[in-house]
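A short write-up of the structure that comes next.
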Amino acid sequence: MNPTPPLLEVKNITKHFDISGGFLEKLSLENMRPVLKKTVVHALNDVSFSIIAGETFSIVGESGCGKSTLGRAVLGLYPPSSGQIYYYGTRIDVLNAREMLPYRRKMQMVFQDPYASLNPRMKVEQTLMEPVLFHNPAITMLEARDLVSEIMEQVGVDPLWASRYPHEFSGGQRQRISIARALMVEPEFIVADEPISALDVSIQAQILNLFMEAQETRGLTYLFITHDMSVVKHISTRVAVMYLGTICELARTEALFTRPRHPYTQALLSAIPVLGTKKARHIKLKGEVPTPIDLPKGCVFHKRCPHVFARCREEVPLLAEYDSGRLLACHGVEEGRI
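Residues in the sequence shown are numbered consecutively from 1407, following the working numbering.
Here's what the structure looks like:
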């Protein structure tokens, strides 16, 4: 008997964005001959991972490391430049718009900015009904309105406010409405892209608890994108740490926080404030993050790594398993230097 495939499997995904501009902007002279040159942003570089049904898989890293691009690529909003994406064993990155429709209902997204992700011209009821009417044309308007009221109540928004516009709600209430919109079509998998970063600290815990309650009652699977390691520790089953479009470490949450192995992960965790304890030595990384337009040769982290040696500057480390369930891309760990 074949084992059940993971809910989502990403294999060697690469995503490049051409930012060269028009024809004249690409044109240059080399040895007195016209040459067309492209300027490319290397947003994702050979990214691979899988997500098991029912878990919360978190992607963490600095701004600009490719987290949001990865989330959009998984949902087909950005077609990958290369690689494959599988949903329960079916390759979905090669499907056309019509073939992708059944998967759109199963996979939803909660965006970062609740002030920009809701249409200001649509009432809440219209916003929530739209995906239901699209994916289930047989549903009656009465049934759709009943569903809107039910979901609004579940996410903590008064159903009597369904006739209001987004500007009449606070940031936390808007994000609850965004979550309600995702839940309207009964998805299996939700990509949450920095869903609490634009909210007040007092509201963040409420929204996190809402995500966790929805997961428990509906059996949801999350790809949770964030830069906040404290949030990751609270909500995640497994964590992937990204740097400059590359996964450098992937492990179960407890294992990652107890014993980080990659130098970049160690630096991230050392920056977490700990209340009531004497602060351990903070690992300060030198230099700036290289531009994704011109990636460094070898390991993408070597220019800032405190343990760098010659091999790091020449050879790209492969993501390989070291501990049980822990994947690392680091020459230093491979050779026992770290």
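Glycine included, every Cβ here is placed at the ideal spot set by N, Cα and C.
Do Tyr1571 and Met1535 come within 9 Å of each other at the CB atom, strictly closer than that value? no
Using a Cβ-Cβ cutoff of less than 7 Å, which residues in the same chain neighbour Met1635 once the five nearest sequence positions on both sides are dropped? Val1466, Leu1674, Leu1675 and Ile1678
Measure the Cβ-Cβ separation of Pro1520 and His1573 and say whether it is below 9 Å. no
Return the chain-ordered list of same chain residues with a C-beta closer than 8 Å to the C-beta of Ser1474, the five sequence neighbours on each side being excluded. Gln1518, Asp1599, Glu1600 and Ile1631
Does DSSP put Leu1656 in a helix, in a strand, or in coil? strand
The beta strand (DSSP E) spanning Gly1489 covers which residue range? DSSP places Gly1489 in the uninterrupted beta strand (DSSP E) bounded by Ser1488 to Tyr1493.
Among Leu1605, His1688, Phe1463 and Leu1724, which one has its Cα closest to the Cα of His1640? Phe1463
Three-way DSSP call (helix, strand, coil) for Met1528 in this model: coil
Cβ atoms of Gly1693 and Arg1710: under 9 Å apart, would you say? yes
Endpoints, alpha helix (DSSP H) assigned at Ser1584: Gly1577 to Leu1589
May I ask you to report which of helix, strand or coil DSSP gives Tyr1628? strand
Closest residue to Val1638 among Gly1651, Phe1663 and Leu1626 (Cα-Cα distance): Phe1663
Is the distance from the Cβ of Leu1629 to the Cβ of Gly1742 below 9 Å? no
Taking the straight line between their C-alpha atoms, what separation do you get for Gln1672 and Val1695? 16 Å
Using the C-alpha atoms, what's the distance from Pro1537 back to Gln1621? 20 Å
Would you kindly report the start and end of the unbroken alpha helix (DSSP H) that includes Arg1667? Unbroken run through Arg1667: none, as it is neither H nor E.
Given a threshold of 16 other Cβ atoms within 10 Å of its Cβ, counted over all protein chains shown, does Phe1540 qualify as buried or as exposed? Exposed, by the Cβ-count rule.
Alpha carbon to alpha carbon, how far is Ala1726 from Met1648? Give it in angstroms, no decimals. Each residue's Cα considered, the two are about 15 Å apart.
Express the C-alpha separation of Glu1436 and Lys1512 in angstroms, rounding to a whole number. 51 Å
Just the Cα atoms here: how many angstroms apart are Val1554 and Met1547? 10 Å
I'd like the list of long-range same chain contacts for Leu1724, defined as Cβ closer than 7 Å, with 5 residues on each side in sequence excluded. Ala1735
Just verifying my parser: in three-state terms, what is the DSSP assignment at Glu1600? Looking at Glu1600 - three-state DSSP - the assignment turns out to be coil, as it is neither helix nor strand.
Please specify which runs of the alpha helix (DSSP H), each continuous and at least 4 residues long, are wholly inside the stretch 1438-1520, giving them in chain order. 1473-1480 and 1503-1512
Supposed contact pair Gly1651 and Pro1698 - C-beta distance, whole angstroms, cut 8 Å: Their Cβ separation, rounded to whole angstroms, is 6 Å, which keeps Pro1698 and Gly1651 in contact under 8 Å.
Simplified DSSP state of Ala1726, which is helix, strand or coil: Strand, per DSSP.
First and last residue of the alpha helix (DSSP H) that includes Val1739? His1737 to Glu1740
Identity of the residues DSSP links to Arg1644 by a beta bridge: Phe1463 and Arg1658.
Helix, strand or coil: how does DSSP classify His1688 here? DSSP places His1688 in coil when its eight states are reduced to three.
Distance, Cα to Cα, Met1618 vs Val1561? When rounded, the separation of the alpha-carbon atoms in Met1618 and Val1561 is 11 Å.
Who are the near neighbours of Asn1451 in its chain, counting only those whose CB is closer than 7 Å to its CB and skipping five residues on each side? Thr1420, Gly1651 and Thr1652
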